[in-house]
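Below: the structure, in structure tokens.
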Amino acid sequence: MDEARALVTQLNLVFDIVRFVDVRMMQEYTFAEDGQFIGHPYHCYNVWKKKRRCENCISAKAFIHRGRMTKFEFIDNEVYHVIAMYTEIDKIAYVLEMVTLITDEALFSAYGNNEFVETINRYNRKLYTDPLTGVYNRRYYEEQLSGLSKEFSIAMLDVDDFKNINDTYGHKAGDDSLCNIVTTISSLLVEDDSLIRYGGDEFLILFQHMNKTGFIQKLESIRKAVENIRLQDYPSIKLSVSIGGISAIQEAMDAIEAADIQLYKAKHSKNCVQVD
């Protein structure tokens with residue numbers, strides 16, 4: 159801790175923001191004037207005036223790979239360069255973030271400040287967003303969430319008879335089905351939840367701070383809401399989903415396999431929820 163405090167003192171001479179982040183809890187820590195290492199009562203992404211985890215969270219990548227990452231981030235129209243580096247303080251893992259405001263106009267001369275910001279934002283969205291449904295893609299899960307150890311609940315969701323919808327009504331009907339299902343599910347989630355298109359008609363949902371009873375109730379509400387979807391252009395299509403869930407687990411990598419087992423059980427009956 160003494161070494162970390164001395165390091166931060168030196169880094170503050172170079173960078174505009176120096177802080178430690180616990181990416182599992184999305185918590186920010188800094189050294190107070192009296193030298194105490196304190197956690198702040200807000201999520202780490204609040205510094206960027208965001209309401210949820212950054213799409214391209216390089217601190218999560220640095221934590222997962224125990225390395226160093228860099229990116230550009232923004233506060234209003236100001237551009238910052240961020241360096242994130244895995245570190246340990248008294249055997250507890252954090253990510254050290256070092257942030258500096260970019261004032262070199264040469265960087266923006268070709269496009270202008272605002273266009274540069276939008277270019278980076280488009281890149282982040284393209285990198286981690288499914289182009290059809292607009293939710294996160296599998297790459298987002300694997301690079302941003304899979305290595306984080308914390309208590310959460312996870313659900314695997316599969317659209318029942320999706321191949322039959324495509325074969326009978328065409329791929330546009332399949333696409334409309336997926337988009338309507340995503341819109342319906344998203345309306346039932348909160349900011350800290352993550353909806354991911356894991357592949358084809360299979361989706362992954364991560365919930366934080368939810369007990370098993372609430373988890374089951376949430377999955378049942380999702381199942382019922384999907385069952386009530388009516389497609390304007392395809393009124394004869396009846397949508398339903400099978401859902402497998404694992405409650406209050408610690409390691410995301412193991413949870414995928416466990417949730418998939420529960421999904422396999424749910425698909426025997428279809429349009430049902432199976433939770434362990």
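Numbering of the sequence shown is given in the working numbering, commencing with residue 159 and proceeding in unit increments. For glycine and all other residues, C-beta sits at the position ideal for the given N, C-alpha and C.
Return the first residue and the last residue of the alpha helix (DSSP H) that residue i is part of.
{"i": "R216", "result": "Checking the sequence, you will find Ile at residue 216 rather than Arg. From DSSP, the alpha helix (DSSP H) with I216 extends over 216 to 223."}
{"i": "V190", "result": "Checking the displayed sequence, the identity of residue 190 turns out to be Ala instead of Val. Looking at the DSSP string, A190 is not in any alpha helix (DSSP H), and its letter there is neither H nor E."}
{"i": "V293", "result": "Careful: V293 lies outside any alpha helix (DSSP H) and carries neither H nor E."}
{"i": "T168", "result": "The displayed chain sequence assigns Gln, not Thr, to residue 168. Where Q168 is concerned, the enclosing alpha helix (DSSP H) stretches over 160 to 169."}
{"i": "Y203", "result": "Per DSSP, Y203 belongs to no alpha helix (DSSP H) and is neither H nor E."}
{"i": "D325", "result": "320 to 327"}
Going by C-alpha to C-alpha distance, which of the options sits closest to residue i?
{"i": "I395", "options": "A331, T291, L171", "result": "A331"}
{"i": "R224", "options": "E246, C212, Y203, E231", "result": "E246"}
{"i": "R210", "options": "V340, Y356, Y392, D351", "result": "D351"}
{"i": "E213", "options": "I278, L346, K428", "result": "I278"}
{"i": "V431", "options": "D391, K370, I387, L290", "result": "K370"}
{"i": "C337", "options": "V348, S311, L389, G372", "result": "L389"}
{"i": "C202", "options": "Q194, T326, A190, C215", "result": "C215"}
{"i": "N272", "options": "I233, N386, I401, K208", "result": "I233"}
{"i": "N204", "options": "M227, Q194, I260, E231", "result": "E231"}
{"i": "A413", "options": "S335, D318, Y299", "result": "Y299"}
{"i": "L362", "options": "K219, V240, L303", "result": "L303"}
{"i": "I339", "options": "F320, E161, E349", "result": "F320"}
{"i": "P289", "options": "V240, R355, F274, K249", "result": "R355"}
{"i": "F173", "options": "Y244, T261, K284", "result": "T261"}
{"i": "M159", "options": "A251, V240, R226", "result": "A251"}
{"i": "V348", "options": "D359, F365, E360", "result": "F365"}
{"i": "D359", "options": "K382, E276, H329", "result": "H329"}
{"i": "Q194", "options": "I387, Y200, A164", "result": "A164"}
{"i": "Y244", "options": "E236, N235, R226", "result": "R226"}
{"i": "S379", "options": "N235, E276, T342, Y327", "result": "T342"}
For the beta strand (DSSP E) that contains residue i, what are its first and last residues?
{"i": "S352", "result": "352 to 357"}
{"i": "E349", "result": "E349 -> no beta strand (DSSP E), and no H or E assigned at all."}
{"i": "L259", "result": "250 to 259"}
{"i": "M152", "result": "Since the first residue of the chain shown is 159 and the last is 434, residue 152 is not available in this structure."}
{"i": "E238", "result": "A quick correction: the sequence has Tyr, not Glu, at residue 238. Note, Y238: beta strand (DSSP E), 236 to 247."}
{"i": "V179", "result": "175 to 180"}
{"i": "K229", "result": "226 to 233"}
Give every residue of the same chain whose Cβ lies closer than 6 angstroms to the Cβ of residue i, excluding the five residues on either side of it in the sequence, and list them in chain order.
{"i": "V176", "result": "V166, L169, N170, M256"}
{"i": "E385", "result": "S398"}
{"i": "S238", "result": "Checking the displayed sequence, the identity of residue 238 turns out to be Tyr instead of Ser. Within the same chain, Y238 has close Cβ partners E231, V257, L259."}
{"i": "N282", "result": "E213, N214"}
Give me, in chain order, the residues of the same chain whose beta-carbon lies closer than 7 angstroms to that of residue i; leave out the 5 immediate sequence neighbours on both sides.
{"i": "S217", "result": "V179, V181, A242, V253, E255"}
{"i": "G357", "result": "R296"}
{"i": "K207", "result": "I233"}
{"i": "V400", "result": "Reading the sequence as shown, one finds Ser at residue 400 and not Val. Within the same chain, S400 has close Cβ partners D316, D318, L421, A424, K425, K428, N429, C430."}
{"i": "A162", "result": "I247"}
{"i": "I196", "result": "Y187, T188, A190"}
{"i": "E301", "result": "K219"}
Which residues in the same chain have their Cβ closer than 8 angstroms to the Cβ of residue i, if we skip the five residues on either side of it in sequence?
{"i": "S344", "result": "V293, L353"}
{"i": "H198", "result": "Q185, E186, Y187, T188"}
{"i": "G403", "result": "S311, I312, A313, M314, F373, I374, L377, A417, Q420, V431, Q432, V433, D434"}
{"i": "N324", "result": "A331, G332"}
{"i": "D334", "result": "L389, D391, Y392"}
{"i": "T291", "result": "L336, C337, V340, R355"}
{"i": "R381", "result": "S398, V399, I401, N429, C430, V431"}
8 angstroms is my cut-off, CB to CB: does residue i come that close to chain B?
{"i": "C212", "result": "No chain B appears in the structure shown, which is made up of a single protein chain."}
Contained beta strand (DSSP E) runs [length at least 3] in the stretch 382 to 430, N- to C-terminal order = Every unbroken stretch of the beta strand (DSSP E) spanning 3 or more residues and falling wholly within the stretch 382 to 430 is given here in chain order: 399 to 409.
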